[in-house]
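Written out below as structure tokens is the structure these notes cover.
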Amino acid sequence: MFKEGNMSPYAELHVHIEGTLEPELTFALAKRNSVELPYADPAELRSHFTYQSVQDFVELYRASAAVLTTEQDFAELTTAYLTKAQSIGIVHAEISCDLARHMARGIAPEAVLNGIGSVLKDSQTSHGVSTGLVLNFPVDLPVDAAVAVYDQAKAAGADITAVEVCVSSPDASPKDLVPLFGRARADGLHTVAHVGAAAGDDMTWECLHALKVGRVGAAALTDRNLLYYLADYSIPLTMSPLSTKALHVASEADLSVARLLEEEVAIVVTSDAPAYFGGYLDANMAALVADNGLTEQQAEALARNTIAGSFLPESAKSALIGQPVPA
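In this text, residue positions in the sequence shown follow our numbering: the first is 297, and each later residue adds one.
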């Protein structure tokens, strides 16, 4: 567990709620909702959490998400995640939801948003974790469909913190979602992008310039000018070490994380889809620190970055940074 001495508490800034669906809960929901799974038990499902390609992961991830059908399902999933988050010292979580994909398989937006929202609204009291909801949009979703999903979420009364685009390949341009992101900013929301290694740095630049995102996850990072840009404009860069390893993309260790910290790149460690990649935020923090031989001071900087890179008000960030990790 990534709790050391008087280190600052930390925040989770990129986690898909669907990516926290552990095999045991998958089977419980499948039984309740009469969804047939191609595995005998949770252990067999977990044995498939090794991937030869990103597509292997995506197929398993989406197949498992099919057990989520009711408001109660989404509420139980969210409660399970917050219980885990509290146990590892997380004090704030900005949680992504793949609403568009759930709607595409016939799930009412109210079932998704009310289930998640009913838990998030009391998360500070129930789990000691403040939260924000991030609506995630796949880059290949037509903009009219994306705007329609956003409008339905707003109509359902969802308390949304940010919108996010997920770019997994260079085949679809983030620029197509400019109208959606403009609407979201006009509504006072934050904007985020997550760009996979296969999409490349050009797609990251598009997200920064066309969508004007305020935080970005980028896995390619072969363009040094991109890193300088992120440092110059204080744009947080999210990294999920365990997903990088699980999906066999280039290791962040090759980037010299220590050097990036020295160059004031605001690296923010996240967990992405922790149930599928072998660990939550504490394990990702520990992996990045160990793989890069970081000092205690550098590890402390990573913890602070998770708070500083959040969408919390500045007063809340200041109150959290420097506080000891909750017992």
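Note that beta-carbon positions come from the ideal geometry of N, C-alpha and C, so glycine has one too.
Bridge partner(s) assigned by DSSP for residue i
i	result
Val459	Leu431, Thr487
Asp440	In the DSSP output, where bridge partners are listed per residue, Asp440 has none listed.
Ile603	According to DSSP, Ile603 bridges with nothing at all.
His388	Ala307, Ser426
Val512	Ala489, Leu533
Asp568	Val311
Whole-angstrom distance between residue j and residue i, CA atom to CA atom
i	j	result
Arg481	Lys508	10 angstroms
Val408	Leu523	36 angstroms
Pro466	Leu476	20 angstroms
Tyr347	Glu559	34 angstroms
Gly360	Pro434	A small correction: the amino acid at residue 360 is Ser; Gly does not occupy that position in the sequence shown. Roughly 18 angstroms between the two C-alpha positions.
Ala452	Gly428	16 angstroms
Gly492	Ser419	30 angstroms
Glu308	Tyr335	31 angstroms
Ser629	His398	With the chain covering 297 to 623 only, the question about residue 629 has no answer from this structure.
Trp501	Val463	12 angstroms
Gly478	Asp578	34 angstroms
His490	Ile391	13 angstroms
Gln368	His344	27 angstroms
Ser530	Asp455	26 angstroms
Ala515	Val545	8 angstroms
Asn302	Asp440	For Asn302, the predicted model reports a pLDDT of 48, less than 50, meaning its position is unreliable; a value from the coordinates is still stated below. Those two C-alpha atoms are separated by around 49 angstroms.
Tyr525	Asp447	33 angstroms
Asn251	Met499	Residue coverage of the chain in this structure runs from 297 to 623, which leaves residue 251 outside it and unanswerable.
Val352	Lys541	Residue identity differs from the one stated: residue 352 is Asp in this sequence, not Val. So the alpha carbons of these two residues sit roughly 14 angstroms apart.
Arg600	Val425	16 angstroms
Ser611	Ser349	42 angstroms
Residues of its chain near residue i, where Cβ-Cβ distance is below 6 angstroms and the 5 sequence neighbours each way are ignored
i	result
Ala595	Val585
Val488	Ala458, Glu460, Val509, Arg511
Ala371	Gly411, Ser414, Val415
Pro319	Pro338, Leu341, Arg342
His423	Leu378, Gln382
Thr375	Val415
Gly575	Leu538
Of the listed residues the options, nearest to residue i (C-alpha basis)
i	options	result
Leu556	Leu590, Val545, Asn580	Leu590
Asp337	Thr487, Asn329, Leu321	Leu321
Pro438	Ser414, Val474, Thr427, Ala451	Val474
Ala404	Thr346, Ala449, Gly484, Leu485	Ala449
Ala615	Leu378, Thr365, His388	His388
Ala494	Ala396, Gly402, Ala506, Leu543	Leu543
Gln593	Ala554, Thr566, Ala514, Asp436	Ala554
Ala396	Ser349, Leu431, Ser343, Arg342	Leu431
Ala442	Gly453, Asp498, Lys471	Lys471
Leu598	Gly478, Ala582, Glu610	Ala582
Ala571	Ser349, Gln368, Ala381	Ala381
Phe323	Val350, Leu373, Val354, Ala516	Leu373
Ala534	Thr602, Val350, Val445	Per the sequence presented here, residue 534 reads as Thr, with Ala not at that position. Comparing Cα-Cα distances from Thr534 to each of Thr602, Val350, Val445, the minimum goes to Thr602.
Val445	Pro609, Ala400, Ser611, Cys503	Ala400
DSSP state of residue i mapped onto helix, strand, coil
i	result
Leu556	helix
Arg401	coil
Thr534	strand
Ser383	helix
Ser360	helix
Pro609	coil
Gly574	coil
Ile563	strand
His505	helix
Ser614	helix
Ser547	Confidence at Ser547 is low in this model, with a pLDDT of 47, below 50, so the placement of that residue is unreliable and no value is reported for it.
7 angstroms CB neighbourhood of residue i in its chain, flanking five on each side removed
i	result
Ala569	His312, Gly315, Tyr357, Ser539
Tyr377	Ile313, Thr316
Asp519	Asp497
His486	Thr457, Ala458, Gly510, Phe607
Asp394	His312, Glu314, Asn432
Ala527	Glu559, Glu560, Val561
Ser469	Glu502
Asp239	Nothing about residue 239 can be read from this structure; the chain reaches only from 297 to 623.
Close-in-space but distant-in-sequence residues of the same chain around residue i (CB under 8 angstroms, 5 per side omitted)
i	result
Ala604	Pro532, Ala562, Lys613, Ile617
Pro326	The sequence shown places Ala at residue 326, not Pro. Glu332, Leu333, Val363.
Ser536	His310, Gly513, Val565, Thr566, Ser567, Asp568, Phe573, Asn580
Thr366	Asn329, Ala407, Gly411
Lys417	Asp455
Min CB distance residue i to chain C below 8 angstroms
i	result
Glu596	Absent from the structure: chain C. Only one protein chain is present.
Any non-hydrogen atom of the ligand NAP closer than 7 angstroms to residue i Cβ
i	result
Ala612	Among the components of this structure there are no ligands whatsoever, and the ligand NAP is therefore not found.
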